[in-house]
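J.: Input: one structure, supplied below.
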Amino acid sequence: MNKFIGCILLGGCLLAVLPLWATETDELGIIKKNYRNILMLSAGKADSLQADFIRIKPETEMSDQMVVELHQRYPFDLDKIKGYLKKQVADGSWSDINYADTKRSGWEPKLHAERILELAKLYYAEGTDYHRSEIVSRVIHSALAYWFSTEPKCRNWWYNQIGLPKTLGAAFVLLEEQLSAEEKQAAIKVMENAKFGMTGQNKVWLAGNVLIRALLQNDAQLAKAARDTIASEICTGRKEGIKDDWSFHQHGPQQQFGNYGLAYISGMSFFSRLFQGTSYQFDRQQLAILHSLVNEGYRWIIWNRYMDVSSLGRQFFHHAQVHKAYGLAFAAADLGLKGFPKAGNLLVGHKHFDDSDYTVHRSKDWMGTVKMSSNRVIGTELVNEDNLKGYYLGDGATYFYVRGDEYLDVFPFWDWRKIPGVTSYEDVAPIPMAKGMKTNNKTSLVGGLSDGQRGMTVMELNRDGLKAYKSYLFADDFVVCLGTGIQADTTLCVTTSVDQRLKEGELLVQTKSGWREVIGKESFAQKELRFFHDHTGYIIIGKDTLVTEVGKRAGRWCDFMKMYKPSIVEGEVVSLHLRHGVRPKEARYQYLVFPGSSKEKLEKFDVEKEVIVLRNDATAQVVQVPSIGKGYWVAVYQKKEIVVAGKIFTPEQPGVYYVEHTVQGLKKKLEAPFKLK
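In terms of our numbering, the sequence shown opens at residue 38 and continues consecutively.
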């Protein structure tokens, strides 16, 4: 009975517990068995989440490891498998793979490794004619021989040390009993490319690959060291990894929810299952941290199984919002967590991720987000030819969702200088490249304040000779967007983008005679304008010209994600932006966005009664929205006395404040001073 495993309930999860007399060999054997069972799960019966996911058409060009592993959950495509068998040449390579590829992202030889893993799973999967097939076995060993003899190397270190060993390592564990002594030594040599080191998710990836080598070598001491290295990253408060506000950072102080962070939570959910039934399993505190990362972090950024654009990092892949949301849903399910419905919102509230200069507002019917940057937080990065046009992504980008797919795959058709919410230069020249691969906003005056249900997010923009003060007040049914102090000494026109999304129905403008459709490109210069498109209303206030563009656009994915093959795609876009002119000195704007609204509600909305802007200048922006409280939301950019409704408010330092009138005068109810650096 020395193989008996008992069970206890820990942190809401049923975990196996080894008896005291279990040996190290027993434990490694259990881990290997767990590994194989997890790998083969995708070839078995589909649960409801799996069944829902596989309705999505698979991708044909992939670079993101998370997406690659997600696609391993699809049922076997036997027609594609037949192609593998037919296209393999005598030396074990495949005729349709470019082994001379030099791309740093989407490197084609990795397809060879992925096919080995897919064929290994097919070999062991029951229910097809290929189960334990000699033909499949012969193709696998031929493919292994080619890889071991040629040792393909990528210009990007990540593939050599992480991506390839991770994919091939899974195949090695699955095929261990089928490997000859020579093949096993060659497999171990591949795994030796990964060594302990680095930080954050890179550290976890490398340790996971070392773990596979330990399993192949039956080295319990090395396996324990790998497990401890992995578990050491289940903590908060470090420069990289899980932050105190439950966002995730990598490559410096940079929000990486959908890139490294998603790989992290997916990997940790995998390891939590892998180590079950052994002394390696995560403890109660470690599981609690992982659960909190999902519940207090990731739940905020998913809407109807679409991930917020501002959480994608540099990975603007095709269908990225969908794939990354499903990747998270599977990871959460593996951790025993639920709550990522395909439709409907289970989380209502307002949260500012202070460590990441990032705000999420969730009402019952819609979600809105703001992504900023500062001298503390990196706005975006350009790495391995990913995100070639994303220079302005951290300059106050705003996205508004009702369904969730409003911006799905819009990126080839974007004017990347007019990312929604951003103030920037208008130019036909190429988009600037992120200096040093990363972009920063040269100011500390960035932050947000929340009462849990509503909030105000503000930023000073100070980049490339352009300055502006921007704020976003999220009420229950609308968002107040203010800009002021806009100045630049350049011959280029300065613009602020109100929105730029996929066209879904007509863009309508309200006129004296009623609503009419906007066609093509039009300019509007009246004091107040009302537009409606795709369940979202816009009220534009001010003297600057508002330009709308509606219609077809063409573009290429490879222009901003180099991994894609050159190919023209077409789509229809609706865009609204304000023009502040050349060399503006003190330009300003005010507009309201009404997600999840209707034309009727927009018609009836009384701006003067519902939105009271008391101040909008470079010293402060002061707004009152009576429907959400009698107080005033105040963004303070300079430490000066401020008159609010006839009363003096003296802030201790610049920041965001919520103040109310009392018998004693103005009183601070909430405050979020800027983290001055």
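Using N, Cα and C, we set each Cβ at its ideal position, and we do this for glycine too. Bear in mind the structure is a predicted one, so any value in this text is a computation, not a measurement.
#1: From Tyr601 to Lys667, what does the alpha carbon distance come to, in whole angstroms?
#2: Beta-carbon separation of Val247 and Ala257 under 8 Å?
#3: Express the C-alpha separation of Val104 and Met77 in angstroms, rounding to a whole number.
#4: Look at the alpha carbon of Ser560 and the alpha carbon of Gly364, and state the distance between them as a whole number of angstroms.
#5: Rounded to the nearest angstrom, what separates Ser309 and Glu443 at their Cα positions?
#6: Helix, strand or coil for Gly81? Go by DSSP, reduced to three states.
#7: Go ahead and pull the three-state DSSP assignment for His698.
#8: Check whether the segment 82-97 and the segment 283-294 touch, using three or more Cβ-Cβ pairs below 8 Å as the test.
#9: List, from N- to C-terminal side, the alpha helix (DSSP H) runs of 4 residues or more that fit wholly inside the segment 644-672.
#10: Kindly give me the distance between the Cβ atoms of Thr521 and His614, rounded to whole angstroms, as I take these residues to be in contact under 8 Å.
#11: How about Thr715 and Leu544: do their beta carbons lie closer than 8 Å?
#12: When the Cα atoms are used, what is the spatial distance from Tyr72 to Val610?
#13: List the DSSP bridge partners of Leu519.
#14: Go through its chain and collect everything with a Cβ distance to Leu201's Cβ below 6 Å, but skip five positions before and after it.
#15: Give me the Cα-Cα distance between Gln537 and Val459, rounded to the nearest whole angstrom.
#16: With which residues is Pro632 paired in a DSSP beta bridge?
#17: With distances taken between CB atoms, is the gap from Phe597 to Asn421 smaller than 8 Å?
#18: Taking 8 Å as the cut-off, decide whether the C-beta atoms of Pro467 and Val606 are in contact.
#19: What's the C-alpha gap between Ala223 and Gly485?
#20: Could you tell me which residues DSSP puts in a beta bridge with Phe437?
#21: What residues are listed by DSSP as bridge partners for Met493?
#22: Which same chain residues end up closer than 7 Å to Gln675 when comparing Cβ atoms and leaving out the 5 residues on each side of it in sequence?
#23: Going by DSSP, what residue range makes up the beta strand (DSSP E) through Tyr136?
#24: So for Trp58, helix, strand or coil by DSSP?
#25: Identify every run of the alpha helix (DSSP H) within the segment 350-377, keeping only runs that are complete inside it and at least 4 residues long; order them along the chain.
#26: What residue range does the alpha helix (DSSP H) around Ser186 cover?
#27: Mapping the DSSP letters down to three states, classify Leu86 as helix, strand or coil.
#28: Quick one: grab the DSSP three-state call for Asp282.
#29: So, at 8 Å on beta carbons, what are the nonlocal neighbours of Ala362 in its own chain, with the 5 sequence-adjacent residues on each side left out?
#30: Indicate the three-state DSSP secondary structure (helix, strand or coil) for Glu708 in the structure shown.
#31: With distances taken between CB atoms, is the gap from Ala512 to Ile665 smaller than 8 Å?
#32: Determine whether the beta carbon atoms of Glu645 and Pro663 lie at a separation below 8 Å.
#33: In three-state DSSP terms, what is Phe233?
#34: Rounded to a whole number of angstroms, what is the C-alpha to C-alpha distance between Lys507 and Trp552?
#35: Relative to the alpha-carbon of Lys599, which residue among Glu229, Gln102, Gln352 and Gly588 has its alpha-carbon at the smallest distance?
#36: With 16 other CB atoms within 10 Å as the buried threshold, where does Asn699 fall?
T.: Reading off the structure:
#1: Approximately 53 Å, taken between the alpha carbons.
#2: Against a cut-off of 8 Å, the Cβ pair of Ala257 and Val247 comes out as no contact.
#3: Met77 and Val104 have their C-alpha atoms spaced approximately 18 Å apart.
#4: Taking the straight line from one Cα to the other gives about 42 Å.
#5: C-alpha separation (whole angstroms): 35 Å.
#6: In this predicted model, Gly81 has a pLDDT of only 49, less than 50, meaning its place in the structure is not dependable enough to derive any value.
#7: Residue state, collapsed to three classes: strand.
#8: Contact fails: fewer than three Cβ-Cβ distances are below 8 Å.
#9: Listed in chain order, the alpha helix (DSSP H) elements of length 4 or more contained wholly in the segment 644-672 are 644-647.
#10: So it is not a contact: roughly 17 Å between Cβ atoms.
#11: The structure shown has nothing for residue 715, since the chain only spans 38 to 714.
#12: So the alpha carbons of these two residues sit roughly 46 Å apart.
#13: BP columns for Leu519 point to Ser508 and Gln627.
#14: For Leu201, where only same-chain residues beyond five positions count, the Cβ hits under 6 Å are Ala150.
#15: Cα atoms of Gln537 and Val459: separation of roughly 11 Å, rounded to the nearest angstrom.
#16: Pro632 is bridged by DSSP to Thr573.
#17: No, they are not a contact pair.
#18: Using a Cβ distance threshold of 8 Å, Pro467 and Val606 do not count as a contacting pair.
#19: Those two C-alpha atoms are separated by around 54 Å.
#20: Paired residue(s): Gly405.
#21: According to DSSP, Met493 bridges with Leu486 and Leu510.
#22: Within the same chain, Cβ atoms closer than 7 Å to the Cβ of Gln675 are found at Thr656 and Pro691, the five residues on either side in sequence being excluded.
#23: Tyr136 -> no beta strand (DSSP E), and no H or E assigned at all.
#24: Below a pLDDT of 50, predicted positions are generally treated as unreliable, and Trp58, at 42, falls in that range; no measurement from the model is reported.
#25: Counting only runs of 4 or more residues that sit fully inside the segment 350-377, the alpha helix (DSSP H) segments are 357-371, in chain order.
#26: Glu171 to Thr187 is the extent of the alpha helix (DSSP H) around Ser186.
#27: Here Leu86 sits in helix by DSSP.
#28: In this structure, DSSP gives Asp282 a state outside helix and strand, which the three-state scheme calls coil.
#29: Exclusion of the five residues before and after Ala362 leaves Ile339, Arg342, Tyr343, Met344 and Phe377 as the residues of its chain whose Cβ lies within less than 8 Å of its Cβ.
#30: Correct three-state label for Glu708: strand.
#31: One thing to note: Ala512 has its Cβ within 8 Å of the Cβ of Ile665.
#32: For Glu645 and Pro663, no; Cβs fall outside 8 Å.
#33: In the structure shown, the three-state DSSP call for Phe233 is coil.
#34: Roughly 30 Å separates the two Cα atoms.
#35: The residue from Glu229, Gln102, Gln352 and Gly588 with its alpha-carbon nearest to that of Lys599 is Gln352.
#36: Note on residue identity: the sequence assigns Thr, not Asn, to residue 699. Under this definition Thr699 is an exposed residue.
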